[in-house]
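Have a look at the structure below before the remarks.
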Amino acid sequence: MTALVMPPLPAPPSPPPRTPFPVIAVIAPAIGAVVILLITGSVFVLVFAALSPLIAIATALDSRRTARRHVRDEAARFDRDCSAWLARVPELHALERARADAAHPPVHERVRARDPGVTPEAPVRLGVAPAPSAIAPERPPVLEDGPTAQRLADLVAQAATHPALPVVVPAGPVRVIGRGRAADSIARLVDLHPGCSVERVPTEAAPVRSGESASASVDLIVESPTRARLRLPDGRERLIRPEGATRREHAAIVDRRATATPALPESLRWAALVAPVASPASESSGAPALRAPGVIGVDAEGLVELDLLGDAPHALVGGTTGSGKSEFLRTVALAWAAGGAPAERSILLVDFKGGSAFAELAALPHVSGLLTDLDAVAAERALRSLRAEIRRRETALLEHGARDIGELPPAALARLLILVDEYAVLVESFPELQALVADLAARGRSLGIHLVLCTQRPGGVVRDAVAANCGIRLAFRMASASDAVGLLPGPPPPDGSPAGRAVLAVAGRSRAVHIATIAPADIEAVAARWAAAPRAARPWLPPLPARVTRAEARALDAETGAPSALAAPDPWAPVPQGDAPAASTPPLRLALGAVDDPDRQRRVRGEWDPQRDGALLVVGARGSGAAEALAMIARSAGEAQCDVVVLPAGLADALGVLAELRDELDGATAQAAAPPRPLVLIASEIDALVAEAGDRALDVLDALDAIDRRLRRRGGSLVASCSSVLRARSGVVGRFDSVLLLRAASLDDHRAAGGAPGDFDAAAPPGRGRWRGRAVQLIEPEGPPPGPRLPEVPLWRPTPGRPTAVVSPRPAVTADRLRRAGIAVATDPAVLSSAVSMPPSGSTESPHPPPPHPQPSDPTSSRLTPPHPGWIVVADAESWQAAWAALALARREGDVVLVDAGESDARAVLGARASIPLRDEGAQDEVIVVDGRRPIRARWEALRLGAGRDV
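To convert, take the position in the sequence shown, counting from 1, and add 13; that gives the numbering used here.
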């Protein structure tokens, strides 16, 4: 609340500062001139002594200029401060008047509002008049006579007197002296006060009273409609502006007094208003109640019944915290349940402030569910199921040829009452539900769905499409009367009203009511009455189970939108081009699990169709079931007569398998007479595989793209898993057409994978995820997952008579291992040139046979034919670069073998653009052989044998 305090008065203009005479500045030039004269003996220096009077004159002129500027600045500042101070006076006067009006409103307004403060002893307000104001500041300090003192005095005078404050006199006899409409209006106003009596006296007949013979009445001498003299019993008089009441206001208040009824109770029990719920009459009655839910409270005329079947199908309720909204919903729910069986009336409770208000009502068999903000995911799922409930009810009406639920046979379709507490929080949490609520409000009457929406401030929260269909309005105590605009045709209950007091508006007619409250015993009595009846059916399915078997998934219907496997081929279909599979290729659809479809109140079998969904990426953190999902898909593919290849985890083996698959798929496509079987390639943790590749990550991704194109031609595709989208290399996720999103490592990772923030569940069980925008529980895998395919790495032996250049970063260790295996080697590259006999000049034949491809040999043989020690030379890359002639000879007519060598060593001996395949770093016998064609991985058994003989 703003304080009625004026700021301090503006400070008067301060006088200009006094500048002292510059004694030192005047004397200093004279003293200086005398000293210079004594030193130099020149009389001309006495000219400097003349500067003394000049400095004195200049200083005086500057002081006067500064003083004039100071006076101007202070006068401008004082004027601004006075204007700002004076502008605050009307603001605080208006605030003071508003508070005075609130403390002493006119009599007719207080009576019309049924103000309990209007008693015979209460004072009566007759008008307004100038009066001392509470904002008057302290008097200004004593100043000399002048414009400044007069200006401050004027400010104080304007603030000290309020131009119009209520004039209040004690209740008692009032004589209105005068004639005309103004006097009649004033007399009507005073007559409305219960403690005042009015005496009308014409102006001519009014006696002139002195202070000694004054009577006890108050005289109001009306001179004009805006001017009257108020004479108190002690003889004092003052001019006021009188106030009055119109004939219509006076007549309406008098009529209401004549028909006044007893006040409403402060509290009321519901059980005291209705017959016992367990009475035999109510038990034997099979006819439905004519009004539902029925009695909910009382008004001035008697019982108040709420009728959602006749008056209006929906209700809108507003009220501040603690005004009785939740108790009203509890009473409505119990009255609804008491009037019919669960097969005829069901209840859905929605409480978005914890659910404590409706917890006891869950014992009623009519309650199909209680939705709270504590489980937002389940609440959204259940509310979305209401769309399917609408379609189900429409189908039932169509099957029976009925236009609304009232034409159906008894118990064919139960009416559904939806009670929503804190509707504003509900639509703030799920904005997309506003369209659903509008649909329910529009079609609820014929379908038997009734809404009761409660919120603190309906204006701005409830859309017009919903409010227009809520014909029953109820307003409890509200924060301000403006909050009831648009909800009621009149004001809400005044401040201070007890909890449960409300204004009920139906069909434009408003009345004050008091809502009854229920007790736990009332709930127990209604629940006991219908204990033998089956509970009301929920309009939604139970949540997905934590485990789904393959048999359970097969029993479900397939997803809609998937192409049918039994559809006949179209003879006019175009010939497939590019990556499209042949028309005769059977469609491949692999079951993933049970998909929850709350919008249709059903559960379907989720399927992955490579032709429709493309490459599949399974995103899930550790423990989310991503590995099990790959195993399940591999098993499903095997049961569907598909070829399944699992990519190994090692980078070298994975690249080797991809290269082999590419060659096999190209060869099969060129040679196959019949369509080959679909092939599914499974890659686990592709993000880790690409990260391990480092600089060769693009090679891995390009190889996957090439394989995926070939797989699609066969009707298959690629399936991979990824533990984190955020940590994956750029371009990994974008290569996949579909994402099966399991529990992610974090909300950010969930959103990066394309999931909605509201779908993230950190406590989701393994196998729970999102497939094509809906929740899915994956099939639990049966048996161990298939093992990975390993690439074929051939054995290699040096060919006698062919020069072999062995490149190793540790040539001494490699040479020692070969010698232990029985192979004679040299370590000087120059030996290689001397060991080879060159052909005679002019000969076109080479003394060496063409380099053969590495052939497998008997792995059990441990005896190796030792070639000439000059044919095999082991050295590091730098040594081979120094002996370039020997290296060129080996590359042209022999073999280059890389042992434990990296990319840099390969480029040093093979060229800057050389690219070698990766090898298994853990295998002691794996080498890279360059034999005139492309580099290949091979196994040199001698390295393993030599390493095994290390001491």
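Beta carbons are placed, not taken as given, at the ideal position from N, Cα and C, and that holds for glycine. Only a predicted model underlies this, so the values are computations on that prediction, with no experimental measurement involved.
For residue j and residue i, the rounded distance between their alpha carbons
i    : j    : result
D570 : G352 : 40 Å
G521 : L501 : 8 Å
D417 : E407 : 9 Å
A177 : H121 : 19 Å
R282 : V308 : 11 Å
D247 : S336 : 48 Å
T53  : S65  : 21 Å
L724 : P948 : 26 Å
R810 : A634 : 46 Å
E412 : A356 : 19 Å
R567 : A604 : 8 Å
R188 : A195 : 14 Å
R112 : H763 : 57 Å
A284 : H527 : 14 Å
A919 : L739 : 34 Å
R428 : V617 : 28 Å
L554 : Q614 : 6 Å
A184 : L205 : 12 Å
H881 : I941 : In this prediction, H881 scores a pLDDT of 49, lower than 50, which makes its location untrustworthy; no coordinate-derived value is stated.
C483 : D477 : 10 Å
A890 : A644 : 45 Å
A425 : L383 : 24 Å
S298 : D312 : Confidence in S298 is poor, its pLDDT being 41 and thus under 50, which makes the residue's placement unreliable; the coordinate value appears in the next sentence. Rounded to whole angstroms, S298 to D312 spans 28 Å at the Cα level.
A38  : D86  : 29 Å
S928 : P804 : 19 Å
F773 : L601 : 30 Å
V475 : A455 : 14 Å
G574 : E620 : Note that G574 has pLDDT 44, beneath the 50 cutoff, so the model's placement of it is unreliable and the number below is only indicative. So the alpha carbons of these two residues sit roughly 11 Å apart.
D508 : D114 : 17 Å
G638 : A775 : 13 Å
G966 : L233 : Nothing about residue 966 can be read from this structure; the chain reaches only from 14 to 964.
Residue environment, residue i, which counts as buried when at least 16 other CB atoms sit within 10 Å
i    : result
I531 : buried
G419 : exposed
W897 : exposed
K366 : exposed
D167 : exposed
A925 : exposed
T79  : exposed
V746 : buried
V912 : buried
V498 : exposed
V267 : exposed
L22  : buried
D434 : buried
P422 : exposed
R542 : buried
T385 : buried
Whole-Å CB distance - residue i paired with residue j, under 8 Å assumed
i    : j    : result
A903 : A818 : 4 Å
P801 : P661 : 4 Å
L694 : H463 : Wrong, their Cβ atoms sit about 56 Å apart, outside the cutoff.
D656 : L629 : So it is not a contact: roughly 17 Å between Cβ atoms.
V345 : L319 : 7 Å
For residue i: DSSP bridge partner residues
i    : result
P255 : G140
A241 : V235, I253
E916 : Note: E916 sits in no beta bridge, so no partner.
R616 : D609
A525 : V516
R950 : I941
C467 : V330
P26  : P26 is not bridged to any residue.
G310 : V317, I528
C735 : V632
Inset, instruction - Please specify which runs of the beta strand (DSSP E), each continuous and at least 3 residues long, are wholly inside the stretch 754-831, giving them in chain order. - result: 781-784, 787-791, 817-820
Inset, instruction - Scan the stretch 312-379 and note each continuous alpha helix (DSSP H) run of 4 residues or more that stays entirely inside, going in chain order. - result: 338-351
Inset, instruction - For the stretch 386-448, list the beta strand (DSSP E) runs that are entirely contained and at least 3 residues long, ordered along the chain. - result: 428-434
Inset, instruction - Only counting runs of 3 or more residues, tell me where the beta strand (DSSP E) segments fall wholly within the stretch 161-215, in order along the chain. - result: 174-182, 186-190, 210-214
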